[in-house]
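Peer 1: Note that the sequence shown covers residues 27 to 507 in this note's numbering.
All residues carry an ideal CB built from backbone N, CA and C; glycine is no exception.
First, the structure itself, so that you have it in front of you.
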Amino acid sequence: MSTSVFPGERPDRMEEECAVFGVYAPGEDVARMTCFGLQALQHRGQESAGIAVGDGETVMAYKDLGLVTQVFDESSLSALRGKLAVGHVRYSTSGGASWESAQPHISAIDEVLIALAHNGTLVNTAYLRFQIVDAGIHLRAGTDSEIAAKIIGAVTQDTHHLTDGIKRAMRMIDGAYAMVLGSPDNLYAFRDPNGIRPLVMGKLPNDRGWVVSSETCGLDIVGAEYVREIEPGEIVRFGDDGVTSFVGTQPLERASCIFEYVYFARPDSIIDGQSVYQSRRDMGRILAREAPVDADLVLGVPDSGLPGAMGYSLESGIPYSDGIVKNRYVGRTFIKPTDEMRQLGIRLKLNPLSSVISGKRLVVIDDSIVRGNTSKKLVKMLRDAGAKEVHLRIVSPETKWPCFYGVDTDTQDQLISARMTVDEVCEFVGADSLAFISIEGLHEACKTNHAGFCDACFSGEYPVKIPPAMQARSFLPENRS
Numbered sequence: 027m028s029t030s031v032f033p034g035e036r037p038d039r040m041e042e043e044c045a046v047f048g049v050y051a052p053g054e055d056v057a058r059m060t061c062f063g064l065q066a067l068q069h070r071g072q073e074s075a076g077i078a079v080g081d082g083e084t085v086m087a088y089k090d091l092g093l094v095t096q097v098f099d100e101s102s103l104s105a106l107r108g109k110l111a112v113g114h115v116r117y118s119t120s121g122g123a124s125w126e127s128a129q130p131h132i133s134a135i136d137e138v139l140i141a142l143a144h145n146g147t148l149v150n151t152a153y154l155r156f157q158i159v160d161a162g163i164h165l166r167a168g169t170d171s172e173i174a175a176k177i178i179g180a181v182t183q184d185t186h187h188l189t190d191g192i193k194r195a196m197r198m199i200d201g202a203y204a205m206v207l208g209s210p211d212n213l214y215a216f217r218d219p220n221g222i223r224p225l226v227m228g229k230l231p232n233d234r235g236w237v238v239s240s241e242t243c244g245l246d247i248v249g250a251e252y253v254r255e256i257e258p259g260e261i262v263r264f265g266d267d268g269v270t271s272f273v274g275t276q277p278l279e280r281a282s283c284i285f286e287y288v289y290f291a292r293p294d295s296i297i298d299g300q301s302v303y304q305s306r307r308d309m310g311r312i313l314a315r316e317a318p319v320d321a322d323l324v325l326g327v328p329d330s331g332l333p334g335a336m337g338y339s340l341e342s343g344i345p346y347s348d349g350i351v352k353n354r355y356v357g358r359t360f361i362k363p364t365d366e367m368r369q370l371g372i373r374l375k376l377n378p379l380s381s382v383i384s385g386k387r388l389v390v391i392d393d394s395i396v397r398g399n400t401s402k403k404l405v406k407m408l409r410d411a412g413a414k415e416v417h418l419r420i421v422s423p424e425t426k427w428p429c430f431y432g433v434d435t436d437t438q439d440q441l442i443s444a445r446m447t448v449d450e451v452c453e454f455v456g457a458d459s460l461a462f463i464s465i466e467g468l469h470e471a472c473k474t475n476h477a478g479f480c481d482a483c484f485s486g487e488y489p490v491k492i493p494p495a496m497q498a499r500s501f502l503p504e505n506r507s
């Protein structure tokens with residue numbers, strides 16, 4: 027579900043954890059450049075933001091809770107001078123929302139500071155935490171990102187080579203990670219062996235430097251030209267001696283998160299050679315073939331449902347119309363309404379256009395149904411505005427399984443499709459009909475330059491083994507192995 031209709035409820039959608047950004051560009055204002063990059067990636071995390079810079083001698087950082095434009099101003103950016111920068115925006119799935127959990131995470135290796143930013147979630151954190159604490163290493167935040175930084179530091183102290191520390195850490199940690207790390211002199215980018223989370227590199231014009239970003243839209247905003255993906259299991263080092271690639275750990279079967287195409291990524295980004303926008307249009311086309319319906323108008327739920335609605339309209343021949351208006355100035359947090367205002371049906375984020383939809387049979391396209399509550403309110407909102415029929419069409423399959431790789435759906439019992447059939451979900455949300463795209467149809471829409479996706483939230487097939495303790499905590503009893 028692309029947005030919450032009412033405040034004070036858990037978002038009825040999959041929530042991404044964060045985004046990372048890095049710049050190596052001696053002589054440039056790397057902190058300001060990183061700030062712009064993080065603004066382009068703000069959709070991936072709105073709880074905290076941070077930037078760390080390396081100036082050849084040390085690493086300095088500034089971070090706080092809030093949006094990028096709330097955390098940084100001219101004064102804070104002017105104080106961050108260096109030749110490289112690491113940036114991060116966060117939506118917490120590990121460690122909660124606190125200043126200590128905000129990234130980049132700063133760690134000391136003897137007298138040398140490093141800054142680590144992480145997109146993803148590790149699945150063997152509990153085991154690694156025990157090892158670290160048993161070795162006498164103190165943890166402050168307890169996040170998996172801090173644990174990764176401590177492992178890198180501990181190995182580097184033994185080998186005196188930061189690349190070796192990263193390699194050892196990559197062979198110890200399990201799960202999803204796209205990380206950027208800054209030392210006083212070098213910028214590092216590395217990715218898990220399945221390539222679950224996206225990470226790309228680009229080059230600034232006139233050989234001014236290099237940029238690393240969670241999405242290509244981060245490259246675009248600073249004028250960097252896309253070069254390539256950071257490969258699964260790869261370490262790339264950017265420094266005075268140029269760009270060097272290392273095998274951090276042997277790549278495994280490709281398993282890029284397919285939900286990036288459905289919702290997480292910005293529509294103007296390109297992932298693995300495929301336009302996210304075009305994938306979303308194709309999802310709508312395929313869904314129109316798989317689940318046709320006789321109706322008067324096709325509407326999309328802003329914003330991620332709009333390309334799919336256009337595709338559905340083109341394939342079905344049913345006219346497309348803007349029938350739902352989104353208030354774009356309401357963020358993730360805002361002043362809560364009173365109970366009286368709730369009873370009046372206050373809608374801070376979405377509002378229907380009655381003049382468009384009254385008396386019409388509607389096909390409503392959305393990206394997903396996770397918990398179902400907001401879909402129910404959406405259908406009621408459209409009926410109250412005069413819709414004659416409401417047919418929900420979802421451009422992702424039924425979300426039946428929790429994600430352990432950086433998404434805020436960590437228990438199966440919160441997923442409505444894990445507990446109900448499609449007909450039961452349809453009855454719960456109050457729609458006249460409900461249909462989801464097939465897993466095969468979703469794969470068809472995501473035509474990348476590789477064939478490997480993680481679709482575990484739909485299929486239950488996890489590319490990285492989930493520890494039994496996590497299964498016991500997260501799966502319904504009948505699904506525990």
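Considering just the uninterrupted stretch of the alpha helix (DSSP H) at K403, what are its terminal residues?
Peer 2: N399 to D410 is the span of the alpha helix (DSSP H), which, as asked, contains K403.
Peer 1: Kindly list the residues whose CB is nearer than 8 angstroms to the CB of P489, restricted to its own chain and excluding five residues on each side of it in sequence; keep chain order.
Peer 2: Excluding residues within five positions, the ones whose Cβ falls inside 8 angstroms are N220, I222, L278, E279, A281, C480 and A482.
Peer 1: With H144 as the anchor, note down where its alpha helix (DSSP H) starts and where it stops.
Peer 2: Counting along the chain, H144 falls outside any alpha helix (DSSP H), though it belongs to the beta strand (DSSP E) covering V138 to N145.
Peer 1: Can you give me the Cβ contacts of T359 inside the same chain, cut-off strictly under 6 angstroms, excluding the 5 residues immediately before and after it?
Peer 2: Here the model assigns T359 a pLDDT of 43, short of 50, so the residue's position is not dependable, and the following value carries that caveat. Same-chain partners within the cutoff: there are none.
Peer 1: Below 8 angstroms on the Cβ atoms is my guess for V79 versus R107; work out the distance and round it to an integer in Å.
Peer 2: Correct: roughly 7 angstroms between the Cβ atoms.
Peer 1: Under the rule that 16 or more other beta-carbon atoms within 10 Å means buried, what is R166, buried or exposed?
Peer 2: Answer is exposed; the Cβ neighbour count stays below 16.
Peer 1: Go to V253, then tell me how far its beta strand (DSSP E) extends in each direction, as first and last residue.
Peer 2: It spans E251 to E255 - the beta strand (DSSP E) in which V253 sits, taken as one unbroken run.
Peer 1: Would DSSP call L325 helix, strand or coil?
Peer 2: Here L325 sits in strand by DSSP.
Peer 1: Could you tell me whether the Cβ atoms of I177 and A195 are closer together than 8 angstroms?
Peer 2: Against a cut-off of 8 angstroms, the Cβ pair of A195 and I177 comes out as a contact.
Peer 1: Grab the span of the beta strand (DSSP E) containing R116 for me, first residue to last.
Peer 2: Start and end: L110 to R116.
Peer 1: Return the residue from the list S384, A477, I256 and Q276 that minimises the CA-CA distance to E466.
Peer 2: It is A477 whose Cα lies nearest to the Cα of E466.
Peer 1: Note down, in chain order, each residue of its chain lying with its Cβ closer than 7 angstroms to the Cβ of K402, except the 5 sequence neighbours on either side.
Peer 2: Once the five neighbours on either side are set aside, the close Cβ partners of K402 are F454, V455 and G456.
Peer 1: Under the DSSP definition of a beta bridge, which residues are partnered with T242?
Peer 2: Partner(s): none; T242 has no beta bridge.
Peer 1: With a floor of 3 residues, list each beta strand (DSSP E) that falls wholly inside the region 429 to 504, ordered by position along the chain.
Peer 2: As far as the region 429 to 504 is concerned, its whole beta strand (DSSP E) runs of at least 3 residues are 459 to 462.
Peer 1: How about G432 and N150: do their beta carbons lie closer than 8 angstroms?
Peer 2: Not closer than 8 angstroms, so no.
Peer 1: Does the region 286 to 297 come within contact of the region 234 to 254, defined as at least 3 CB pairs closer than 8 angstroms?
Peer 2: Judged by Cβ distances under 8 angstroms, the region 286 to 297 makes contact with the region 234 to 254, as three or more pairs qualify.
Peer 1: Tell me, please, which residues DSSP counts as bridged to D211.
Peer 2: Answer by DSSP bridge pairing: none, since D211 is not bridged.
Peer 1: In this structure, how does DSSP classify F264 when only helix, strand and coil are distinguished?
Peer 2: Of the three classes helix, strand and coil, the one that applies to F264 here is strand, per DSSP.
Peer 1: Look at the alpha carbon of Q497 and the alpha carbon of V94, and state the distance between them as a whole number of angstroms.
Peer 2: Whole-angstrom Cα-Cα distance: 35 angstroms.
Peer 1: So, using beta-carbon positions, are P423 and I395 closer together than 8 angstroms?
Peer 2: Not a contact, by the Cβ cut-off of 8 angstroms.
Peer 1: Apart from the five residues on each side of it in sequence, which residues of its chain come closer than 6 angstroms, Cβ to Cβ, to F264?
Peer 2: Correct list, in chain order: Y50, L213 and W236.
Peer 1: Go ahead and label F156 buried or exposed: buried means 16 or more other beta carbons lie within 10 angstroms of its beta carbon, across all protein chains shown.
Peer 2: Under this definition F156 is an exposed residue.
Peer 1: So which of Y117, T84, E487 and F290 has the shortest CA-CA distance to L110?
Peer 2: Considering only alpha carbons, the answer is T84.
Peer 1: Rank V46, K386, R307 and L388 by C-alpha distance to the C-alpha of M205 and give the top, closest one.
Peer 2: Closest by alpha carbon: V46.
Peer 1: Starting from the Cα of F272, find the closest Cα among S342, T425 and E260 and give me that residue.
Peer 2: Nearest C-alpha to F272: E260.
Peer 1: Where does F14 sit, in a helix, a strand or coil, going by DSSP?
Peer 2: What the structure shows of the chain is the stretch from 27 to 507, and residue 14 is not part of that stretch, so it cannot be assessed.
Peer 1: For S133, which residues of its own chain have a beta-carbon under 6 angstroms away from its beta-carbon, when the five flanking residues on both sides are left out?
Peer 2: I140, A175 and G179.
Peer 1: If you reduce the DSSP assignment to three classes, tell me which class N232 lands in.
Peer 2: DSSP places N232 in helix when its eight states are reduced to three.
Peer 1: What is the DSSP secondary structure of K352, counted as helix, strand or coil?
Peer 2: Three-state result, K352: strand.
Peer 1: With respect to the alpha helix (DSSP H) encompassing I383, which residues constitute its N-terminal and C-terminal limits?
Peer 2: S380 to I383 is the extent of the alpha helix (DSSP H) around I383.
Peer 1: Can you check whether the CB of D392 is closer than 8 angstroms to the CB of I350?
Peer 2: Not closer than 8 angstroms, so no.
Peer 1: Return the CA-CA distance between N353 and M407, expressed in angstroms with no decimal places.
Peer 2: Their Cα atoms are separated by approximately 15 angstroms.
Peer 1: Can you give me the start and stop residues for the alpha helix (DSSP H) that R307 sits inside?
Peer 2: Start and end: V302 to E316.
Peer 1: Could you check what DSSP says for G191 in three-state terms: helix, strand or coil?
Peer 2: Correct three-state label for G191: helix.
Peer 1: What's the call for H131, buried or exposed, on a 16-neighbour Cβ count within 10 Å?
Peer 2: The residue in question, H131, is buried, as its Cβ has 16 or more Cβ neighbours within 10 Å.
Peer 1: Output needed for D458: all residues of its chain with C-beta closer than 7 angstroms, excluding positions within five of it in sequence on either side, in chain order.
Peer 2: Hits under 7 angstroms: E415, V416 and H417.
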